[in-house]
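Line order of the protein sequences matches chains A and S. For what it's worth, the numbering used here labels the leading residue of the first sequence as -6, then goes sequentially. For what it's worth, the numbering used here labels the leading residue of the second sequence as -6, then goes sequentially. Using N, Cα and C, we set each Cβ at its ideal position, and we do this for glycine too. This one's a predicted model, so the numbers in the text were calculated from it and none came from an experiment. Okay, structure first, notes after.
Number of protein chains: 2
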Amino acid sequence: MDIDKIIATLYVLPEPSKAALIATAKQVTYPKGYILLKADRIEKNIYFIKKGVVRAYSDAPGGQVTFWFGVEGAPVLSMKSYITGEKSYENIELLEDCEFFELNIASLKALYEKDIHLANWGRKLAEHELVKTEERLIAMQFKTAQERYMDLIGSQPALLLRVQLGYIASYLGMSQVSLSRIRAGLK
Amino acid sequence: MDIDKIIATLYVLPEPSKAALIATAKQVTYPKGYILLKADRIEKNIYFIKKGVVRAYSDAPGGQVTFWFGVEGAPVLSMKSYITGEKSYENIELLEDCEFFELNIASLKALYEKDIHLANWGRKLAEHELVKTEERLIAMQFKTAQERYMDLIGSQPALLLRVQLGYIASYLGMSQVSLSRIRAGLK
DNA sequence: TGTGTTTTTTAACATTTGTAAAAAGCTAAA
DNA sequence: TTTAGCTTTTTACAAATGTTAAAAAACACA
């Protein structure tokens, strides 16, 4: 997936603004297993996935909790670090070899202050994530584990083939045993 | 709470931008029980709470699900309607007599396109909500019902005195019976 | 104060989900 | 092919939470 397309998904930019944004981006590659963002760090960069799958997780008392997957085209960033400048609570682990577009947060914020089109692009970036996060929160509150699994099959069937079930279960807010039970029940 | 303070909480605006924003706002008052926003409608306005408490809920198969409370200073809007222009899935009910600042979404978006400071203010509005929503999502995924209740006591103790427990229980993703059990257990 | 309404708590039971451990399945390297 | 390691499913049991209904408490107001 190329950067023009990723950028335009959020908000169509005039040519000079787009050029300014792309000028700050550089392409990077990391292998499967690499930890791209680390918790307790203040991140300096955000990424967009050109190729690959990643997961976001936090370390909790009972073990790791996976709360987000990113596939081609997705923005990869610690929202907390990006937005508040505070330490991140999430780790981003590469589940496949990945290629990213890397953007420096400070440069990006400087652009937001200078270029109104980019400020609106940055607004759309946050708004886009907000709608998705809110939908998931509501699903967690009033759907059963089985419904959440069915929803995922409907909306991201490919993800199930690329990510191991333990991570999917955590993402859906259930134990791996529960997910296995649901899968067995559907046969 | 006055509108200057509410606006500045998100992003400090230069005087002319602030004046332009305030010029589009009008003050409105509605009684307890009034439904400010309705599901399945495309909303034309967003609000900020000058005084009062509101809740956002959706109608689900098993009954209403309360997924948000707003108190003084909070933005009140259907994120879906505001962001995507699609029909809202939420209702906003006033739990007390309320006063709001009302802003027209179309006017607001026009300002975003013309004024870079307001575009950045709009970005902060979305980013602010995003961080809060993400924190709640993660809590839903890996905290127990009791921990979620304790967190709420810690972060919004006043809310418990203004909102009936059935709504709080729904907001925390548990039945009212569970919430009663937790409260009994803490004594 | 007394009465009717709403809210909260309690009780009993059913269901869901979790935990831990074992079994089965799969993959890749020797 | 065999082995070792990792993932997924299954089993048995425990804990948490839900549902329904009823009792108790709190509240509103004539």
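Cutoff 9 angstroms: residue i Cβ touching any chain A Cβ
i: D144(S); result: no
i: V5(S); result: no
i: E106(S); result: yes
i: F60(S); result: yes
i: Y82(S); result: yes
The beta strand (DSSP E) enclosing residue i, as first and last residue numbers
i: D52(S); result: V47 to A53
i: K19(S); result: K19 to Y23
i: L96(A); result: C91 to N97
i: L14(S); result: From DSSP, L14(S) is part of no beta strand (DSSP E) but of the alpha helix (DSSP H) over E8 to A16.
i: E86(A); result: N84 to L87
Under 8 angstroms from the C-beta of residue i: neighbouring residues of chain A
i: Q20(S); result: Simply none; closest approach about 26 angstroms.
i: T77(S); result: V124
i: R141(S); result: The premise fails here: R141(S) is roughly 11 angstroms from chain A at the closest Cβ pair, so nothing lies under 8 angstroms.
7 angstroms Cβ cut-off: residues of chain S touching residue i
i: I109(A); result: I109 and A112
Span of the alpha helix (DSSP H), counted from its first residue to its last, around residue i
i: I35(S); result: Careful: I35(S) lies outside any alpha helix (DSSP H) and carries neither H nor E.
i: G63(A); result: Careful: G63(A) lies outside any alpha helix (DSSP H), inside the beta strand (DSSP E) at G56 to G63.
i: L158(S); result: L158 to Y164
i: L152(S); result: P150 to R155
i: L3(A); result: I(-4) to L3
i: Y75(S); result: M72 to T77
Chain A residues whose Cβ lies nearer than 9 angstroms to that of residue i
i: S51(S); result: I131 and F135
i: M72(S); result: E120, L123, V124 and E127
Buried or exposed (CB count within 10 angstroms, at least 16 for buried), residue i
i: T126(A); result: buried
i: P54(A); result: exposed
i: D52(A); result: exposed
i: S81(S); result: buried
i: S71(S); result: buried
i: K73(S); result: buried
i: Y27(A); result: exposed
i: Q134(A); result: buried
i: E83(S); result: buried
i: L185(A); result: There is no way to answer for residue 185(A), as the model of chain A reaches only from -6 to 180.
i: D108(S); result: buried
i: R176(S); result: exposed
Contact with chain S by residue i, beta-carbon distance below 9 angstroms
i: R48(A); result: no
i: S163(A); result: yes
i: G55(A); result: yes
Per-residue contacts from residue i into chain A (C-beta, under 7 angstroms)
i: G166(S); result: M133 and Q134
i: G115(S); result: R116
With a floor of 4 residues, list each alpha helix (DSSP H) that falls wholly inside the region 107 to 141 of chain S, ordered by position along the chain. Qualifying alpha helix (DSSP H) stretches, in chain order: 109 to 135.
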